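So the number in the working numbering is just where the residue sits in the sequence shown, counting from 1, plus 1442. Structure first, then comments.
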Amino acid sequence: MKNVYLKFHELKERKVHEDELGKLDLQELKYLYYDSPYYILKDNIFIGSVDKKENFAFLRQPDEDIYIDKKEIRSLMSNDIVLVELKKGEAYIKEILKRGLEIIIATVQRRRKSFKYFTDKPLFKNIVVGDESLVVDGSVVKLEVEHITEDKIYAKITEVIGHINDPDIDILKIVAYHNWPDPNMDELEKSVADIKIDYDYERVSRLDLKDKLVVTIDGKDAKDLDDGISLEVIDGKYHLGVHIADVSLYVKEDSLIDKEAYKKSTSVYMANRVIPMLPHKLSNDLCSLNPHEEKLTLSCLMVIDSNGKVVEYDIRKTIIESKYRLNYDDVNLLIEKNKSLGNEELDNLLLTMNELALKLTDVRKKRGELEFDSEEIKFVFNKDNKIVKVYPRKTGQAEELIESFMLAANETVAFHMEINEFPSIYRIHEKPDETKLDEALDKLGRLNVTYNKKAIRNSKELQKILKSVKGTEREFIVNMILLRSMQRAKYDKNPLGHFGLAARYYTHFTSPIRRYPDLILHRIIKKLVLAEDNSLKKFNYFDNILDDVAKHTSVQERVAIDIERDVIQLKSCEYLLDKIGEVFEGQIIQIMKSGIFVRLKNGIEGFVNMKNNYRNSTYDPVVLGYYANGKLYKMGDKIEVELISVDMIEREIDFIIYNKQQKGKKPNENNFKKQNRKL
1443 MKNVYLKFHE
1453 LKERKVHEDE
1463 LGKLDLQELK
1473 YLYYDSPYYI
1483 LKDNIFIGSV
1493 DKKENFAFLR
1503 QPDEDIYIDK
1513 KEIRSLMSND
1523 IVLVELKKGE
1533 AYIKEILKRG
1543 LEIIIATVQR
1553 RRKSFKYFTD
1563 KPLFKNIVVG
1573 DESLVVDGSV
1583 VKLEVEHITE
1593 DKIYAKITEV
1603 IGHINDPDID
1613 ILKIVAYHNW
1623 PDPNMDELEK
1633 SVADIKIDYD
1643 YERVSRLDLK
1653 DKLVVTIDGK
1663 DAKDLDDGIS
1673 LEVIDGKYHL
1683 GVHIADVSLY
1693 VKEDSLIDKE
1703 AYKKSTSVYM
1713 ANRVIPMLPH
1723 KLSNDLCSLN
1733 PHEEKLTLSC
1743 LMVIDSNGKV
1753 VEYDIRKTII
1763 ESKYRLNYDD
1773 VNLLIEKNKS
1783 LGNEELDNLL
1793 LTMNELALKL
1803 TDVRKKRGEL
1813 EFDSEEIKFV
1823 FNKDNKIVKV
1833 YPRKTGQAEE
1843 LIESFMLAAN
1853 ETVAFHMEIN
1863 EFPSIYRIHE
1873 KPDETKLDEA
1883 LDKLGRLNVT
1893 YNKKAIRNSK
1903 ELQKILKSVK
1913 GTEREFIVNM
1923 ILLRSMQRAK
1933 YDKNPLGHFG
1943 LAARYYTHFT
1953 SPIRRYPDLI
1963 LHRIIKKLVL
1973 AEDNSLKKFN
1983 YFDNILDDVA
1993 KHTSVQERVA
2003 IDIERDVIQL
2013 KSCEYLLDKI
2023 GEVFEGQIIQ
2033 IMKSGIFVRL
2043 KNGIEGFVNM
2053 KNNYRNSTYD
2063 PVVLGYYANG
2073 KLYKMGDKIE
2083 VELISVDMIE
2093 REIDFIIYNK
2103 QQKGKKPNEN
2113 NFKKQNRKL
C-alpha cells in the first residue's frame, strides 16, 4: 500500500480520486497516469511531507520513512509537501508541491546593532525581517514567511506575542502558531461599553419567568454561565425550561464584536486559561446568567411525558432570574452520595431533574446513541502557577443531567427549524467510513471483543460493544478505537442527522457565549421564527450565508481542538520535567512498528521506542502486540514504565519498560532515538 502522509492527503491502495490531485498537473509531468476515475502514481513516485534535520531529511510515510539524498535538502524545510522519485532506496526531489512553513514563532535577541531571530526548532537558515520597529530584546513574535532561498528566510512581523519572560508565554506561542485571531481588545471593550439596550421595552415584550426556580450548574471555575434550567411536574408531565443567554441582543450583526467573534467562532479552553469568543464584559457579566440578577434569555420550554418524550414545546424570548449558582461537584454529591445541599426545596428539584435526565438518556439509548466514555485531563496549579497535580476527570451524574437537558433543547429547536422549513445551521455527524470502521472492528476482534458482524453497521450494535466493556480495563481502549473510526462532527446548513446521537435533527442552540453557530441560530430564531423581521429578504439572506458560516465555524472548531491538545501535551511535559527516573503505572493504548504508546493513570500519554531500545523485540500486527524481554506486550495491557526523557520543544515524553535491574539505564543506550511517534 502506498499512502500519502495525512498532512497532505491520502492515497488509498495507491489510488487517488481525480478531484484530489487534479490541480497538481502531475499527469503532464508524467509522474502519474489516469485510470478513470482515478489518478495512480507510478511505482517509484511518492508524495509526503519533509522531516528535516541539520544535515539530512526524511520523507514521512505511513509505514516507513524514506531517506532524502543530502544533496537534495538545501532548499527544503520541515513540513514541505514534496513529490520524490525513489532510486536505490533514496528519494530525489522532483517537485515542491507546497511549502510547509508559512508562520514562524521566534524569540528576538539583540546582537550588537541588529536583531537575531531564534526558533524553538532549528530552521537551519537565517531569518531576515524588514520592519523591526515593534521589537525589543526578548520579544516573542509571529512572522509571516514571504520568501525562502537556500540560506535565508525572508519574513515580516505580523504580531508581537509577548516577552520571553511573560507568564504562560509557551501557551501564547501555541495559540499564535495556530494563527488564532488576535483582536484589539481595547477597541472591543470600547464597543461593549457602547452597547445600548432598551431594558424597559425588553421587560414588557418578553415572557416573564422571574418567579420560576431557575438554577445554573457548571464547573466551579466557570464564569461564562450561558444556560439555566427550571423544572416543574404538572399533571404527571415534566415542564422543562432551558434558558439560554440572549447574546444576539448584545452582539449586533456586522458589529466589531460580531466580526471578531465570527473570526474565532469558539472559545478556547486551555489548562488554566481561556480565550473567550466574546469580550469578558459580555461573556462573564452582561450575558452570564449570574445568580440574583435579571437576565434576558431565549428559552426552549418543553413538556415531556413520563416516558421521556417531548409532547409540546415553545420557543420564546424570556426574562429570568437565576436563584442558585450550583457546581457539578456538589450536585454529584447529592445525586450519587445523597449528600444534601442544605436546602430541601433545592434537593428535591435536583433529584427530580435527575429522574427526568435518566428518562431522556434512556430514550436516546433505545434509539442507538453512542455513549463514549468521556475523560478530561485536569491540571491543578498552585499560587505560583506550578502544576501540582494531574488527574483524569470523569463526568458524573450532574454533568450528564445538564447534557441531557441541553440535548433535548437542541433536538427540539432543530426539529422546529426543519419542520417549518426555516433556514438553519445544524450540527451533523455522518455515518463512519466503512473502511475505517472495518479497521477498528478488526482491532477489536484481535482484542477478543465480540459483536454481531451482520448488524455492525447499526449504531445499536456499536452501542452494545461500548456497553460490554463499560467499567472494565478495556473500556478506554475500545472507546478510543471506535471513536477514531468515527467521522468528525461538523456544522452544515442541511439536516443530515447525527449518527453518534442517533438523532434525525440536531443543532447547537445552548451556548451562544462560546459558540458562534449558536449565536447565529439565535438571530435566525428571533428574526424569522419569532417574527422580528420575517421578510423574504431576511429569509434569503440567512439562507445564502449559512453554507459559508458552517464551513468556517467547523474549521475554527478543529483549530481550537488542536490548540487545546497542544497545550495539554505542553503541560504534561512541564509536569513530568522534574520526574526523570520515576516509575509509573500505565496502560498500553496503541501499538505500531516502532513502539508502544502508554497512558498513565493520571491521563498523561508517552512513548516507548521498542524498535530502537530492545534489540530482540518483534512487532506482531496479528495480535496487536510486541515481543520484548521474553514477554508479549499487547494493547490494553497494564504496564510499569520508567520516565527517561521529556522534550519541551517537541512536546514528547519517552518511557522504557520498567526493569528493576536496569533502572535508570536505557536498554539499548547507543541506539536510542525517537522516531515515528505519531499515532
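From the three backbone atoms N, C-alpha and C, an ideal C-beta is built for every residue, glycine too. Since the structure is predicted, the reported quantities are computational estimates derived from the model, not experimental observations.
- Using a C-beta cut-off of 8 Å, the segment 1817-1837 makes contact with the segment 2041-2057, since at least three inter-stretch Cβ pairs fall below that distance.
- Counting every other CB atom within 10 Å of its CB across the protein chains shown gives residue 1964 a total of 16 or more, marking it as buried.
- When only Cα atoms are considered, residue 1488 and residue 1880 end up about 26 Å apart.
- Residue 1556 sits in a strand when the DSSP states are folded into three classes.
- The three-state secondary structure of residue 1700, taken from DSSP, is helix.
- With a contact defined as Cβ atoms closer than 8 Å, residue 1603 and residue 1583 qualify at about 6 Å.
- Residue 1543 has its alpha-carbon roughly 20 Å from the corresponding atom of residue 1534.
- For the pair residue 1633 and residue 1656, the CB atoms are not nearer than the 8 Å cut-off.
- Going by DSSP, residue 2031 is part of the beta strand (DSSP E) stretching over 2025-2034.
- A direct Cα-to-Cα measurement between residue 2064 and residue 2029 gives close to 19 Å.
- If you look at residue 2091, you'll find it isn't in any beta strand (DSSP E); DSSP assigns it neither H nor E.
- DSSP, reduced to helix, strand and coil, places residue 1537 within a strand of the structure shown.
- DSSP places residue 1519 in no beta strand (DSSP E); its state is neither H nor E.
- Between the segment 1694-1712 and the segment 1748-1766 there are fewer than three inter-stretch CB-CB distances shorter than 8 Å, so the stretches are not counted as touching.
- Counting other Cβ atoms within 10 Å of its Cβ, residue 1975 stays below 16 and is therefore classed as exposed.
- Of the residues assessed, residue 1676 falls on the exposed side of the cut-off, its CB having fewer than 16 other CB atoms within 10 angstroms.
- Between the segment 1741-1748 and the segment 1682-1696 there are three or more inter-stretch CB-CB distances shorter than 8 Å, so the stretches are counted as touching.
- Rounded to whole angstroms, residue 1800 and residue 1550 show a C-alpha spacing of 56 Å.
- With fewer than 16 neighbouring CB atoms inside 10 Å of its own CB, residue 2090 falls in the exposed class.
- Under the three-state reduction of DSSP output, residue 2015 falls in the helix class.
- Residue burial annotation: residue 1689 is buried, with at least 16 other C-beta atoms found within 10 angstroms of its C-beta.
- Remark: three or more beta-carbon pairs, one from each stretch, lie closer than 8 Å, so the segment 1837-1853 and the segment 1948-1959 are flagged as touching.
- Per DSSP, the unbroken beta strand (DSSP E) holding residue 1934 starts and ends at 1932-1934.
- The residue among 1591, 1560, 1605 with its C-alpha nearest the C-alpha of residue 1581 is 1605.
- Spatial neighbours of residue 2019 in its own chain (CB-CB distance under 8 Å, excluding positions within 5 residues in sequence) are listed in chain order as 2088, 2090.
- In this structure, residue 1735 and residue 1763 form a Cβ contact; the two beta carbons are roughly 7 Å apart against a cut-off of 8 Å.
- Of 1723, 1911, 1552, the smallest CA-CA separation from residue 1637 is found for 1723.
- In this structure, residue 1846 lies near residue 1802, with their beta-carbon atoms less than 8 Å apart.
- The beta carbon of residue 2021 is closer than 6 Å to those of 2085 in its chain, skipping five residues each way along the sequence.
- In the three-state reduction of the DSSP assignment, residue 2096 falls in the strand class.
- Annotation note: the segment 1793-1827 contains the following uninterrupted beta strand (DSSP E) runs of length 3 or greater, listed N- to C-terminal: 1817-1823.
- The DSSP-derived three-state label of residue 1873 is coil.
- Residue environment: residue 1486 is assigned as exposed (fewer than 16 neighbouring CB atoms within 10 Å of its CB, all protein chains considered).
- 8 Å or more divides the Cβ of residue 1905 from the Cβ of residue 1817.
- Its chain contains 2069 as the residues whose beta carbon lies nearer than 6 Å to that of residue 2060, once the 5 sequence neighbours on both sides are disregarded; these appear in chain order.
- Within a 10 Å sphere around the beta-carbon of residue 1997 sit fewer than 16 other beta-carbons, which makes this residue exposed.
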